[in-house]
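There are 2 protein chains.
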Amino acid sequence: MYFVAIMGGGPAGYTAGAELAKNGKSVIVFEKEELGGTCLNVGCIPTKTLLYSAKQFCNAQSEKYGIKAENVAFDWDKMQQRKDKIIRKLRAGVKQQLTNCMVIKGEATVVERTDDKVVIACNGEQYTAEKLLICTGSSNFVPPIDGIENNPNVWDSTAALQAKELPQSIAIIGGGVIGMEFATLFAELGVEVSVVEFMPNILPNIDEQITNLLKEKYQKQGIHFYLQNKVIAINENTLTIENNEGTTTTLTADKILLSVGRRPNLNGLENLGLKINKGIEVDDFMRTNLPNVYAVGDVTNKIMLAHVATQQAEIAAKSMLNEPTIPFGECVIPSVVYTNPEIATVGITEQTANQLGGYIIKSIPMSFSGRFVAENEGENGVCKVIFEEKTQIIKGVHLFGNVSSEIIATATMAIQQKMTIEQLKQIVFPHPTVSEIIKECL
Amino acid sequence: MYFVAIMGGGPAGYTAGAELAKNGKSVIVFEKEELGGTCLNVGCIPTKTLLYSAKQFCNAQSEKYGIKAENVAFDWDKMQQRKDKIIRKLRAGVKQQLTNCMVIKGEATVVERTDDKVVIACNGEQYTAEKLLICTGSSNFVPPIDGIENNPNVWDSTAALQAKELPQSIAIIGGGVIGMEFATLFAELGVEVSVVEFMPNILPNIDEQITNLLKEKYQKQGIHFYLQNKVIAINENTLTIENNEGTTTTLTADKILLSVGRRPNLNGLENLGLKINKGIEVDDFMRTNLPNVYAVGDVTNKIMLAHVATQQAEIAAKSMLNEPTIPFGECVIPSVVYTNPEIATVGITEQTANQLGGYIIKSIPMSFSGRFVAENEGENGVCKVIFEEKTQIIKGVHLFGNVSSEIIATATMAIQQKMTIEQLKQIVFPHPTVSEIIKECL
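Going down the list, the sequences are from chains A and B.
Count the first sequence with the numbering used here and you get residues 1 to 442, in order.
Count the second sequence with the numbering used here and you get residues 443 to 884, in order.
Written out as structure tokens, the structure reads:
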């Protein structure tokens, strides 16, 4: 009997598996597709790999830095090959992390569960474990729109990443993180991009000043935004969209990318007796309502980010080992949007701070950083720091500009450690870096 | 009578000036050249600006990311123009920070000092202040080598940054930070580079594993290293160097770059009664032996880095205002070398940890980070975290790989906050970023 059976070999599954095995526990991991899950195989990693190539393509064409080049071209096939190579390499790394776990490739089903035992069937065999960790992830959501099903012109993110060739134009349904990252990729490679978004702005949960700056920049680059518009029908490669005043328009593009969110993979888990409300309900220690069943990652429908899944997996592992751990509710979660420029945020937004009252908001342009100016010719950016007036404790940091993604960890640490602005000012940031901007902002 | 007279308008001078003026104090700043000091005008900023162009030149030639370009060329004049434009822009920013200070362009001399008054002469006028802040910076050191003086083939860093045209080959004397950054710049632009270093390795204070990795990479790229060699004579553009066994060789290059360190600018301060030992001696609150005289930055000969000068300036300002401040000795100082890949380090080195004993050293390749792999095709890197065995408190982090410079602030914060590895593990790092590597390393 295994100590734990893990359903799903994504970031959550392999993190928990490796951690528990390291602690001497016997672990069995079931993965129906490839180790690494959505993130590694059809999510973060392939997107970032292609985005980096696209960025290099833009940079090579730019003469802003005193460099000239002729006939700059990208080779989509080579970009894809590189992406696949990197996925394989990182997947091998994940496999290595699971050296001391039993890994089964196949679809697992729970056939029996009592409070001290779980029996799982996979590929015609049965496996028994004391505990069960569910981290089956999520799938692209397909909304019930006329003409969407079996339409070869409609891609989800997975199909877009594996496209044999680029379309000349693409309409992206959904201006959230995934939609905007693909908008960046396609626009940088010369594809004509339109974005249809139901909400009044793209990236609804991000600081409004930042999303407006991004939108303006992308509009200048030729991306068309149809905000407060919903898609009511698709006919071959033509969308019928309706705005909030009830006016309909049509929109034609070679391909249509559907990025309206993801839904937890709950298939086969319905009869287990789990409390489910959109996702599997868990407490701060990743325990479900069933004593020996834990759930982490996208399947809990909390925040669908790989680093959340990883953190939850670490917490679940500690829970199973009866070791002390930070409760998930106390974890400060950063998020990054890999547009160009990048957006990185953590903590409360200006909008929330204003609603709540009692906060001070400081904001400066990124051009206050010498390195930003040196490496971002003609670009705009912003750094915003929010702290509580009474305690002076930092509560939110919002960055727009490259390379915000690599800097937001510093802000995350400051917030997690409940640092005051005085404490932050005592930190020596290296010069010249963009990271200095956080201190400069105060 | 001014509250304070500041000699030197570099990072230290303008930081202290702006801070004191913000606190309602009357401030006069003397700058004999340009506001912004060495860092902005002939140091960090121009170097990083040119280095970024050089990096773009390399990237545009590379086909590693699926991008092709023909006839890739750099335009040194345009690179220089951009550099000058950025310096002007940032200098305007410094000027604006000093809006509420009196700024005098000219060489200042102290003509009288008592414990409650300092009289300064500049451009034929006299100015009186209660306190004096000395931040006159440093200058390139010219060692007494035969044939070095008045030799038009010998550049210092300032001359190299302002070169009208690039040489075909350059010999760099001194493999420290400045030498290696110029080696990077010139080599990336196709100049044949040799580095002569007296010590057994380049970048003597940096983690040895990292400097070895850099050296190997640069050797493969064609840079010649003459380690444990000293220059004994220069004849026009030929160096005579002697190794530690006494064997001499000659070495010819179009230009010779001298980067063997910098010395505090003490000129005109000799008779003030200051305690001087190489630099002006100061305590942890930047006080000299004279009650109303403070000194900060390169002139103190502590650590010649702009961010050290800035931190010291903040401490000096608080000292003058009798406000509580962190003592300089308690500040954790990161440092960055803008080679390609970058090096960034903070805290104790592996070598020191091994000498002292009681430390645990963890190290992993940068390729454990998915983003690093996605954006650094074919590159190698390392992340090393050092913590005290007994307390589990993090004491050192050493990074090799892009973009370490932007990540080291996170490590600096962790060390400054005396975080344990358990506390660091609780921080959620965004995925996929290179910054995750610090947590992954544990």
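For glycine and all other residues, C-beta sits at the position ideal for the given N, C-alpha and C.
- Contact of residue 517 (chain B) with chain A is assigned, a C-beta pair being separated by under 8 Å.
- Assignment of beta-bridge partners to residue 494 (chain B) by DSSP yields no partner.
- With a cutoff of 8 Å on beta-carbon distance, residue 839 (chain B) and residue 876 (chain B) are scored as not near each other.
- Scanning the segment 724 to 781 of chain B from its first residue to its last, the whole beta strand (DSSP E) runs of 3-plus residues come out as 735 to 737, 776 to 779.
- Burial is judged here by how many other beta carbons sit within 10 angstroms of a residue's own beta carbon; residue 330 (chain A) has fewer than 16 and is exposed.
- As the crow flies, the alpha-carbon of residue 723 (chain B) is around 15 Å from that of residue 574 (chain B).
- For chain A, none of the residues of the segment 630 to 653 of chain B brings a beta carbon within less than 8 Å of one of its beta carbons.
- When C-alpha distances from residue 35 (chain A) are compared across A:161, A:98, A:383, the shortest belongs to A:98.
- Where residue 817 (chain B) is concerned, there is no enclosing beta strand (DSSP E), although the alpha helix (DSSP H) around it starts and stops at 812 to 817.
- Residue 766 (chain B) is classed as exposed because its beta carbon has fewer than 16 other beta carbons within 10 Å across all chains shown.
- Chain B places no beta carbon closer than 8 Å to that of residue 327 (chain A), leaving this residue out of the contacts.
- Remark: C-beta atoms of residue 262 (chain A) and residue 490 (chain B) do not approach each other more closely than 8 Å.
- Judged by DSSP in its simplified three-state form, residue 259 (chain A) adopts coil rather than helix or strand.
- When the alpha-carbon of residue 400 (chain A) is set against those of A:385, A:393, A:17, A:156, the nearest one is in A:385.
- Residues of the segment 80 to 111 of chain A that bring their beta carbon within less than 9 Å of a beta carbon in chain B comprise 80, 81, 82, 83, 86, 89, 90, 93, in sequence order.
- Close to residue 398 (chain A), with beta-carbon spacing below 9 Å, lies no residue of chain B; the smallest spacing is near 14 Å.
- Neighbours of residue 813 (chain B) in chain A, taken as residues whose beta carbon is under 7 Å from its own, are 48 in chain order.
- Taking one beta carbon from each stretch, the segment 566 to 584 of chain B and the segment 454 to 465 of chain B have 3 or more pairs nearer than 8 Å; the two touch.
- Between residue 215 (chain A) and residue 529 (chain B), the alpha-carbon positions lie close to 30 Å from each other.
- Residue burial is scored here from C-beta neighbours: residue 583 (chain B) has fewer than 16 other C-beta atoms within 10 angstroms and is therefore classed as exposed.
- Contact note: residue 494 (chain B) reaches chain A through 65, 374, 375, using a C-beta cutoff of 7 Å and chain order.
- By the CB criterion at 8 Å, residue 146 (chain A) and residue 233 (chain A) fall inside the cutoff.
- Within 7 Å of the CB of residue 334 (chain A), the CB atoms of chain B belong to 870, 872, in sequence order along the chain.
- Taking a Cβ-Cβ cut-off of 7 Å, residue 169 (chain A) has no neighbours in chain B, whose nearest Cβ is about 22 Å from it.
- Straight through space, the alpha carbons of residue 672 (chain B) and residue 689 (chain B) are spaced by roughly 11 Å.
- The segment 648 to 698 of chain B contains, as complete beta strand (DSSP E) runs of 3+ residues, the segments 666 to 669, 671 to 677, 680 to 685, 690 to 694 (chain order).
- Excluding the 5 residues flanking it on each side, residue 65 (chain A) has same chain C-beta neighbours closer than 7 Å at 377, in chain order.
- Contacts between residue 44 (chain A) and chain B, judged by CB atoms closer than 8 Å, involve 812, 873, 874 in chain order.
- Neighbourhood of residue 850 (chain B) in chain A, by CB distance below 7 Å: 430, in chain order.
- For residue 620 (chain B) and residue 96 (chain A), the gap between their C-alpha atoms comes out near 40 Å.
- Residue burial is scored here from C-beta neighbours: residue 523 (chain B) has fewer than 16 other C-beta atoms within 10 angstroms and is therefore classed as exposed.
- Chain-order list of chain B residues neighbouring residue 57 (chain A): 509, by C-beta distance under 7 Å.
- Between the beta-carbon of residue 749 (chain B) and that of residue 307 (chain A) there is about 29 Å, and that puts the pair past the 8 Å contact cut.
- Sequence-ordered contacts of the segment 733 to 766 of chain B with chain A read 747, 748, 749, 750, 752, 753, 756 [C-beta pairs closer than 8 Å].
- Within 10 angstroms of the beta-carbon of residue 268 (chain A) lie fewer than 16 other beta-carbons, which makes it exposed.
- Beyond the five residues adjoining it in sequence on each side, residue 752 (chain B) comes within less than 8 Å, by CB distance, of 453, 454, 457 in the same chain, given in chain order.
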